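S.K.: First the structure, then my questions, so here it is.
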Amino acid sequence: MEVVPIHSVPHLMKECCELLNMEWKRSETARLRSLTASCDELPTCLVLIQNESDTIKVIGHSKLSKIPTVPEGCFVESVVIHPNLRRRGLGKYLMIKTEDYAKSHGFTSIFLSTHDQEIFYGKLGYSVCPPVSIYGSSIRNKPTKEGTRSPKKEDKPVDMFHCCGKKDISSITLKSPPPPPLPPPMPMSEKYGETKKIFMNKEL
1 MEVVPIHSVP HLMKECCELL NMEWKRSETA RLRSLTASCD ELPTCLVLIQ
51 NESDTIKVIG HSKLSKIPTV PEGCFVESVV IHPNLRRRGL GKYLMIKTED
101 YAKSHGFTSI FLSTHDQEIF YGKLGYSVCP PVSIYGSSIR NKPTKEGTRS
151 PKKEDKPVDM FHCCGKKDIS SITLKSPPPP PLPPPMPMSE KYGETKKIFM
201 NKEL
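UniProt numbering puts the first residue of the sequence shown at 1, with every later residue one more than the last.
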């Protein structure tokens, strides 16, 4: 039993798709697109494989991604063990190997989010932290040569009497401003089954 990057065993991608869809339904096309994006420098999809009767089976999966705002940290998600093999310590084993992979690539902290496994991750040394996002960019606006932004040119006022003539002003239709944006949707009530997402992290 070992944990390896999925791109090192591409023939197991379809089996990995099936495992992931046991937990989170998604099209095979979308799954394969995510798995084929796996590379050594992140994002990296890791699979827990088991050699059984000369047949290699995918029994677990985790994914590591970079965090643009936390260069020294990475984010682990889509952690899953085959339903028939749970409660045997395989989840802990997979997480330890995932952390080892992150450390081998120079990361010093690891983040995750969970809806209902706070106790499990707490036992592995994770603690609740502020939310982070794997989306966006860490690149900021570059300053100009002098280190400041160029001043914005001011628009000169238009003399309506001069350009149109006094008697023609009444015929000009002014463009109305755009309507205000719609308010954000109201949060779903807990009675609809929504669970709170908890972010956690751990120093490696």
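Just so you know, even glycine gets a beta-carbon here, dropped at the ideal spot from N, CA and C.
Note that the structure is a prediction, hence the values are computed from the model and not measured.
1) Leaving out the 5 sequence neighbours to the left and right, which residues in its chain are closer than 7 Å to Val58 when beta-carbon positions are compared?
2) In the structure shown, what three-state DSSP assignment does Cys16 receive?
3) Can you tell me where the alpha helix (DSSP H) with Met95 in it begins and where it stops?
4) Could you check if His61 is buried or exposed, using at least 16 other CB atoms within 10 Å of its CB as the buried criterion?
5) Tell me the residue span of the alpha helix (DSSP H) that contains Phe120.
6) Are the beta-carbon atoms belonging to Tyr121 and Met200 less than 7 Å from one another?
7) Among Thr29, Arg31, Lys103, Glu2, which has the Cα closest to the Cα of Asn51?
8) With the cut-off set at 7 Å, would you say Ile96 and Cys45 are in Cβ contact?
9) Output needed for Ile56: all residues of its chain with C-beta closer than 8 Å, excluding positions within five of it in sequence on either side, in chain order.
10) Since I believe His105 is in contact with Thr195 (beta carbons under 8 Å), could you give me their beta-carbon distance rounded to a whole number of angstroms?
11) For Thr36, name the three-state secondary structure that DSSP assigns.
12) Assuming contact is defined by CB atoms lying nearer than 7 Å, are Leu64 and Leu35 in contact in what I supplied?
13) Per DSSP, what are the beta-bridge partners of Pro5 in this structure?
14) So what does DSSP say about Lys204, is it helix, strand or coil?
15) To the nearest angstrom, how far is it from the Cα of Val128 to the Cα of Pro181?
16) So Lys202 and Gly125 are in contact, right, with Cβ under 8 Å, and what is the actual spacing, rounded?
17) Should Ala102 go down as buried or exposed, given a rule of 16 or more other Cβ atoms within 10 Å for buried?
18) Kindly indicate the opening and closing residues of the beta strand (DSSP E) around Leu85.
M.R.: By the coordinates alone:
1) If you number the sequence shown from 1, residue 58 lands on position 58. Hits under 7 Å: Leu12, Glu15, Cys16, Leu19, Val47, Ile49.
2) Within the sequence shown, residue 16 is the residue found at index 16, counting from 1. Note: Cys16 maps to helix in three-state DSSP.
3) Position 95 of the sequence shown, counted from the start, is the residue given in the question as residue 95. Boundaries of the alpha helix (DSSP H) around Met95: 90-104.
4) The residue you call residue 61 lines up with position 61 of the sequence shown. Counting other Cβ atoms within 10 Å of its Cβ, His61 reaches 16 or more and is therefore classed as buried.
5) Taking the sequence shown and counting its residues from 1, the one referred to as residue 120 is at position 120. First-last of the alpha helix (DSSP H) with Phe120: 118-123.
6) Counted from its first residue, the sequence shown places residue 121 at position 121. Counted from its first residue, the sequence shown places residue 200 at position 200. In this structure, Tyr121 sits near Met200, with a CB-CB distance shorter than 7 Å.
7) Walking along the sequence shown from the start, residue 51 turns up at place 51. Comparing C-alpha distances from Asn51 to each of Thr29, Arg31, Lys103, Glu2 shows the shortest one belongs to Glu2.
8) Start at 1 with the first residue of the sequence shown, and residue 96 comes out as number 96. Start at 1 with the first residue of the sequence shown, and residue 45 comes out as number 45. No; because the gap between Cβ atoms is not below 7 Å, this pair is not in contact.
9) For this step, residue 56 is matched to residue 56 along the sequence shown. Here the set comprises Val9, Leu12, Ile49, Gln50.
10) Position 195 of the sequence shown holds residue 195. Position 105 of the sequence shown holds residue 105. Not quite, the Cβ-Cβ distance comes to about 32 Å (not below 8 Å), so this is no contact.
11) The count along the sequence shown starts at 1 and reaches residue 36 at position 36. Three-state result, Thr36: helix.
12) Locating residue 64 in the sequence shown gives position 64, counting from the first residue. Locating residue 35 in the sequence shown gives position 35, counting from the first residue. For Leu64 and Leu35, no; Cβs fall outside 7 Å.
13) Here the question's residue 5 lines up with position 5 in the sequence shown. Under DSSP, Pro5 takes part in a beta bridge, and its partners are Leu46.
14) Looking up residue 204 in the sequence shown gives position 204. Checking the sequence shown, residue 204 turns out to be Leu, not Lys. Here DSSP, grouped into helix, strand and coil, assigns Leu204 to coil.
15) The sequence position of residue 128 within the sequence shown is 128, counting from 1. The sequence position of residue 181 within the sequence shown is 181, counting from 1. Val128 and Pro181 have their C-alpha atoms spaced approximately 34 Å apart.
16) Your numbering for residue 202 matches position 202 in the sequence shown. Your numbering for residue 125 matches position 125 in the sequence shown. Rounded, the Cβ-Cβ distance is 5 Å, consistent with contact.
17) Position 102 of the sequence shown, counting from 1, holds the residue named residue 102. The residue in question, Ala102, is buried, as its Cβ has 16 or more Cβ neighbours within 10 Å.
18) Numbered from 1 along the sequence shown, position 85 holds the residue referred to as residue 85. Neither: Leu85 is in no beta strand (DSSP E) and is coded neither H nor E.
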